[in-house]
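There are 2 protein chains.
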Amino acid sequence: MNSPDQPAWLHKVQWTAEGLVPVIAQEYGSGKVLMFAWMNREALKLTADTGTAVYWSRSRNKLWHKGEESGHVQKVHEIRLDCDEDVLLLTVEQVGGIACHTGRHNCFFQKLNQGEWVTDQPVLKDPKEIYHE
Amino acid sequence: MNSPDQPAWLHKVQWTAEGLVPVIAQEYGSGKVLMFAWMNREALKLTADTGTAVYWSRSRNKLWHKGEESGHVQKVHEIRLDCDEDVLLLTVEQVGGIACHTGRHNCFFQKLNQGEWVTDQPVLKDPKEIYHE
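Taken in order, these protein sequences are the chains called B and R.
Residue 133 is where the first sequence ends in my numbering, and the numbering goes up by one at each step.
Residue 266 is where the second sequence ends in my numbering, and the numbering goes up by one at each step.
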């Protein structure tokens with residue numbers, strides 16, 4: 001089970017029944033957790049081969065080259081696998097400093113504070129300026 | 134839809150069909166990603182109420198008070214929700230400095246290096262000494 005398309009290291013990942021694996025993207029340097037997404041085999045192989053993050057969009061049901069519209073590409077520094085071999089951790093350099101589609105640095109901008117979710121991160125760029133139709 | 138058992142903030146989370154939400158645990162201070170797990174409503178409420186991480190074990194199909202056997206409790210510093218409101222990020226103080234059941238600091242000890250997964254973190258404590266039957 002080793003071929004250029006399906007290298008051995010890809011088989012070590014424990015894929016879900018849908019052929020996906022959860023992925024955490026963490027910013028190289030700051031250590032901030034940027035976002036959470038999913039990959040299928042093709043996305044992971046493309047990520048490893050190109051050095052830029054490619055995810056699987058479950059809502060659009062297709063490969064999602066992160067930054068394809070926004071330019072906010074993620075340059076991959078490290079790819080890690082957890083103890084159960086069913087979760088990936090990517091360390092990335094976030095081009096543009098914006099990982100979230102809301103125009104914020106990262107997706108985890110809502111903090112639980114005395115029973116309320118409080119937004120504590122600024123919008124760095126208007127999404128209308130990021131995504132052009 | 135507000136009661137002591139089911140406070141309003143709990144309803145903001147977009148639970149999966151199984152009533153779960155993925156959770157990333159990050160170490161307060163170091164910023165290292167420790168582990169990935171799941172919570173149901175009860176686990177999240179207990180986590181918020183007690184200030185220590187409680188997950189939902191999908192393999193054992195029951196609440197998992199992290200550290201109940203090992204003593205490696207996670208003291209919760211922050212609870213964050215992402216832009217799609219379907220992923221949680223916890224910032225925690227990891228008691229004992231060991232989050233992984235293998236006796237390592239964290240679960241992401243396998244790094245992809247030239248087509249191979251390489252373990253680059255030491256076992257800090259023998260799991261046999263951590264888990265007593």
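Each residue gets a CB set at the ideal place from its N, CA and C atoms; glycine is no exception.
In this text, all values refer to a predicted model and were calculated from it rather than measured experimentally.
Could you tell me if residue 249 (chain R) is buried or exposed, where buried requires 16 or more neighbouring beta carbons within 10 angstroms of its beta carbon?
exposed
For chain R, find out if any of its Cβ atoms is closer than 8 Å to the Cβ of residue 25 (chain B); answer yes or no.
no
For residue 54 (chain B), does the three-state DSSP call read helix, strand or coil?
strand
Can you name the residues of chain B whose CB is closer than 7 Å to the CB of residue 243 (chain R)?
80 and 81
Whose Cβ in chain B lies nearer than 8 Å to the Cβ of residue 235 (chain R)?
83
Applying the criterion that 16 or more other CB atoms from any shown protein chain within 10 Å of the CB defines a buried residue, is residue 26 (chain B) buried or exposed?
buried
Does the Cβ of residue 43 (chain B) have 16 or more other Cβ atoms within 10 Å, making it buried, or fewer, making it exposed?
buried
With a threshold of 8 Å on Cβ separation, who are the neighbours of residue 12 (chain B) within its own chain once the five nearest residues in sequence on each side are excluded?
81 and 85
Below 8 Å on the Cβ atoms is my guess for residue 211 (chain R) versus residue 111 (chain B); work out the distance and round it to an integer in Å.
6 Å
Below 8 Å on the Cβ atoms is my contact criterion, and I expect residue 155 (chain R) with residue 206 (chain R) to pass it. Report the Cβ-Cβ distance as a whole number of Å.
About 21 Å; that fails the 8 Å criterion.
Can you give the beta carbon distance from residue 124 (chain B) to residue 24 (chain B), rounded, assuming they're within the 8 Å contact cut?
Rounded, the Cβ-Cβ distance is 21 Å, inconsistent with contact.
At which residues does the beta strand (DSSP E) containing residue 17 (chain B) begin and terminate?
Run containing residue 17 (chain B): none; DSSP gives neither H nor E here.
Per DSSP, residue 80 (chain B) forms a beta bridge with which residues?
B:89 and R:244
Whole angstroms are fine: how far does the CA of residue 187 (chain R) sit from the CA of residue 232 (chain R)?
13 Å
Would you list the residues sitting across from residue 178 (chain R) in a DSSP beta bridge?
None, per the DSSP bridge assignment.
Find out if the Cβ-Cβ distance for the pair residue 259 (chain R), residue 242 (chain R) is shorter than 8 Å.
no
Rounded to the nearest angstrom, what separates residue 229 (chain R) and residue 62 (chain B) at their Cα positions?
42 Å
How far does the alpha helix (DSSP H) with residue 128 (chain B) in it reach, from first residue to last?
127-130
Does the beta carbon of residue 248 (chain R) sit closer than 8 Å to a beta carbon anywhere in chain B?
yes
Does residue 38 (chain B) come within less than 8 Å of chain R when only Cβ atoms are used?
no
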